[in-house]
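Step one of this worksheet: look at the structure below.
Next comes the structure, spelled out in structure tokens:
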């Protein structure tokens, strides 16, 4: 278990998390909003 903990690099993990978060934010902002669909009043009165 100790050998596994020695391989963990907190700085590298932090940078990777920040990079992935930035990529996710970019993808989320570039995404088109969902189209507005009318409510079926006959089915859902």
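Numbering (this note's numbering), first residue to last: 857 to 901. Glycine included, every Cβ here is placed at the ideal spot set by N, Cα and C.
Under the three-state DSSP convention, the category residue i falls into
i           : result
residue 866 : helix
residue 896 : coil
residue 884 : helix
residue 878 : helix
residue 890 : coil
Spatially closest choice to residue i from the options, by CA coordinates
i           : options       : result
residue 886 : 878, 864, 860 : 878
Contacting residues, own chain, Cβ-Cβ under 6 Å from residue i (five flanking each side not counted)
i           : result
residue 858 : none
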